[in-house]
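Worksheet: the structure to be examined is printed underneath.
Residue numbers (the working numbering): 65 to 657.
Printed below as a string of structure tokens:
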């Protein structure tokens with residue numbers, strides 16, 4: 065009701081209650097106004113203390129006749145539908161050709177056949193009489209009914225605030241200025257995220273250090289304490305290098321993820337995301353998608369920090385099955401929250417001066433690859449025209465700080481829970497693979513007093529090292545060395561594991577206090593790494609095989625394991641081609657190798 069007042073709309077709640085014959089309660093949920101009254105009225109209604117009259121509504125003589133015929137074939141207590149819901153409602157849904165309801169009807173042979181026959185007759189009559197379909201007549205009757213009530217209970221007054229919001233929309237969804245607004249919004253979001261997480265904004269307030277540095281220091285201290293308390297051996301290596309180094313390497317990015325989710329929550333709550341879908345509808349159609357696909361893609365990580373699993377589930381709102389399948393298959397290309405730690409680690413190592421700009425560039429690049437993939441799929445495999453999009457733009461809201469903080473904390477809790485369970489287990493498994501079989505004593509003795517070379521030899525001799533070496537012919541054209549290959553294999557389980565695996569690999573090779581430090585610092589000082597290789601790894605991680613959870617979601621939503629397998633193969637092949645072109649092209653123009 066606060067938004068209505070801001071837009072110059074006055075609603076007579078008592079009159080609305082009389083028209084609908086149900087209790088009507090005004091609330092402002094974000095400010096907790098009227099919520100207690102709502103709960104009280106709900107309890108009284110449930111207890112039967114408030115009289116609620118059955119709502120009778122006519123859709124017109126013709127439609128009512130159709131409904132009567134359908135209702136005769138839905139006898140009470142003898143049909144496949146829920147008996148607690150009136151048969152008239154089921155008849156309306158059948159007449160609207162609701163696929164889910166019609167599917168339920170087919171479960172009962174006799175009822176399904178009767179309903180199909182009556183429905184076919186209704187549609188045939190409508191065509192012969194050249195009248196709109198029953199579904200259109202139902203929609204028109206509802207809108208006319210709503211309009212008649214609105215004329216009685218709603219008063220509008222044009223005020224400056226509504227004019228100002230309309231003017232804002234003319235800029236936000238304009239074909240030219242809308243793109244400028246979008247770039248500025250997300251560039252500001254990413255700059256704010258890294259500025260806070262890395263301590264730049266805190267330094268203005270006279271606070272030394274940064275949230276990332278504090279967590280990094282804590283896990284460094286914890287590793288030193290554990291190492292000092294235990295004798296050298298398998299247990300000490302497991303705890304320090306496998307668990308603390310692996311999980312700590314992932315948790316160090318919690319501040320970045322928290323602030324990213326916080327800013328994205330503010331943007332989402334403001335009502336801007338729907339405008340983003342509207343703005344993207346026209347360009348998406350060039351690639352065989354529509355604006356509603358943008359919402360699923362945004363949830364998947366189109367604005368960084370999402371997750372492909374709920375994004376894939378969000379494609380259920382897409383009516384066209386071809387468009388939905390194409391959207392499902394490109395959602396994993398976007399920058400989900402699991403990829404952010406990898407990006408943050410590599411950006412901090414090689415692109416520290418341009419952190420906000422790099423994240424904006426990676427967002428644009430991921431959208432480019434997702435749309436390019438959709439274009440190929442829609443023209444070569446999933447062919448067909450896209451239906452038109454209809455959507456309503458919600459009013460702008462002033463987001464609440466409490467709501468944004470709560471959403472950000474909820475996302476971070478999920479991330480930390482994942483780190484404490486799945487990533488912990490993966491880190492231990494990978495540590496075992498990177499530690500066994502042990503290097504024979506005769507070979508170990510050859511390295512004498514060179515612990516660095518010994519650690520590298522032990523890692524290369526391990527099961528993980530052998531797999532990484534075996535994959536070098538495949539990945540060396542992309543600039544990846546064998547330790548990176550090990551991390552990429554772990555990333556199929558969950559993309560965050562890439563960071564913990566690299567952390568484990570470099571912790572195993574860490575031989576002195578002077579060489580210790582964050583993973584970003586170690587990679588930046590390693591001779592095998594260059595900015596070009598780091599950028600190619602970012603691109604490969606962005607595009608290659610979805611994580612296990614995403615593959616399961618694809619199989620579930622498409623109801624076919626073949627699409628899950630297809631997604632894994634084509635995305636990995638696509639990632640290899642992109643990284644190969646960028647790495648070899650970069651070497652040709654002198655960017656290093």
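Idealized CB from N, CA, C, for every residue including glycine.
Candidates the options: closest to residue i by CA position
{"i": "residue 589", "options": "412, 562, 479, 229", "result": "412"}
{"i": "residue 654", "options": "637, 271, 608, 597", "result": "597"}
{"i": "residue 311", "options": "422, 559, 487, 629", "result": "487"}
{"i": "residue 158", "options": "150, 172, 267, 180", "result": "180"}
{"i": "residue 478", "options": "315, 387, 540, 539", "result": "315"}
{"i": "residue 332", "options": "213, 415, 462", "result": "462"}
{"i": "residue 282", "options": "313, 299, 265", "result": "313"}
{"i": "residue 507", "options": "519, 432, 642", "result": "519"}
{"i": "residue 613", "options": "220, 568, 560", "result": "560"}
{"i": "residue 352", "options": "600, 367, 387, 549", "result": "387"}
{"i": "residue 279", "options": "329, 200, 298, 309", "result": "309"}
{"i": "residue 384", "options": "476, 356, 443", "result": "356"}
{"i": "residue 213", "options": "394, 82, 562", "result": "82"}
{"i": "residue 87", "options": "72, 433, 116", "result": "116"}
{"i": "residue 184", "options": "202, 168, 161", "result": "161"}
{"i": "residue 172", "options": "138, 570, 191", "result": "138"}
{"i": "residue 497", "options": "524, 480, 474, 514", "result": "524"}
{"i": "residue 175", "options": "466, 149, 215, 134", "result": "134"}
{"i": "residue 298", "options": "443, 502, 552, 338", "result": "502"}
Residue environment, residue i, which counts as buried when at least 16 other CB atoms sit within 10 Å
{"i": "residue 592", "result": "exposed"}
{"i": "residue 645", "result": "exposed"}
{"i": "residue 128", "result": "exposed"}
{"i": "residue 342", "result": "buried"}
{"i": "residue 522", "result": "buried"}
{"i": "residue 537", "result": "exposed"}
{"i": "residue 435", "result": "buried"}
{"i": "residue 532", "result": "buried"}
{"i": "residue 104", "result": "exposed"}
{"i": "residue 210", "result": "exposed"}
{"i": "residue 319", "result": "buried"}
{"i": "residue 194", "result": "exposed"}
{"i": "residue 633", "result": "exposed"}
{"i": "residue 207", "result": "exposed"}
{"i": "residue 74", "result": "exposed"}
{"i": "residue 456", "result": "exposed"}
{"i": "residue 248", "result": "exposed"}
{"i": "residue 322", "result": "buried"}
Span separating the alpha-carbon of residue i from that of residue j
{"i": "residue 483", "j": "residue 602", "result": "21 Å"}
{"i": "residue 615", "j": "residue 80", "result": "48 Å"}
{"i": "residue 349", "j": "residue 100", "result": "46 Å"}
{"i": "residue 441", "j": "residue 637", "result": "14 Å"}
{"i": "residue 625", "j": "residue 346", "result": "32 Å"}
{"i": "residue 113", "j": "residue 106", "result": "10 Å"}
{"i": "residue 493", "j": "residue 629", "result": "24 Å"}
{"i": "residue 642", "j": "residue 437", "result": "12 Å"}
{"i": "residue 458", "j": "residue 540", "result": "50 Å"}
{"i": "residue 394", "j": "residue 635", "result": "9 Å"}
{"i": "residue 416", "j": "residue 259", "result": "11 Å"}
{"i": "residue 126", "j": "residue 431", "result": "49 Å"}
{"i": "residue 370", "j": "residue 363", "result": "5 Å"}
{"i": "residue 360", "j": "residue 228", "result": "30 Å"}
{"i": "residue 429", "j": "residue 241", "result": "20 Å"}
{"i": "residue 545", "j": "residue 410", "result": "15 Å"}
{"i": "residue 585", "j": "residue 405", "result": "15 Å"}
Beta-carbon proximity list for residue i, same chain, < 8 Å, skipping 5 on both sides
{"i": "residue 91", "result": "65, 97, 98, 99, 101, 102"}
{"i": "residue 131", "result": "123, 152, 155, 156, 159"}
{"i": "residue 403", "result": "365, 559, 605, 606"}
{"i": "residue 291", "result": "300, 304"}
{"i": "residue 187", "result": "197, 198"}
{"i": "residue 610", "result": "372, 396, 618, 631, 632, 635"}
Other residues of its chain near residue i: CB distance less than 7 Å, five sequence neighbours each side excluded
{"i": "residue 268", "result": "none"}
{"i": "residue 468", "result": "326, 329, 330, 333"}
{"i": "residue 600", "result": "542, 543, 643, 646, 647"}
Close Cβ partners of residue i (< 6 Å) along its chain, the five nearest in sequence each way excluded
{"i": "residue 577", "result": "Note that residue 577 scores 38 on pLDDT, short of 50, meaning its location in the model is unreliable; the coordinates nonetheless yield the value given after this. No residues qualify anywhere along the chain."}
{"i": "residue 517", "result": "511"}
{"i": "residue 76", "result": "217"}
{"i": "residue 535", "result": "549"}
What are the start and end residues of each continuous alpha helix (DSSP H) run of 4 or more residues lying completely inside the stretch 128 to 213, in chain order?
You should have 151 to 159, 163 to 169, 173 to 192.
Which parts of the stretch 603 to 651 are runs of the alpha helix (DSSP H), unbroken and 4 residues or longer, counting only runs that do not cross its ends?
If we require 4 residues or more, the alpha helix (DSSP H) runs fully inside the stretch 603 to 651 come out as 612 to 622.
Which complete alpha helix (DSSP H) runs does the stretch 530 to 602 hold, if anything under 4 residues is left out?
Within the stretch 530 to 602, the complete alpha helix (DSSP H) runs of at least 4 residues are 536 to 539, 546 to 555, 561 to 572, 583 to 588.
Ordered list of alpha helix (DSSP H) runs contained in the stretch 403 to 487, each at least 4 residues
The qualifying runs are 404 to 414, 419 to 444, 465 to 482.
Which whole runs of the alpha helix (DSSP H) in the stretch 265 to 323 are 4 residues long or more, in chain order?
Segments of the alpha helix (DSSP H) lying fully in the stretch 265 to 323: 275 to 293, 298 to 301, 309 to 315.
Can you list, in chain order, the stretches of the alpha helix (DSSP H) that have 4 or more residues and sit fully within the stretch 92 to 132?
Listed in chain order, they are 99 to 110.
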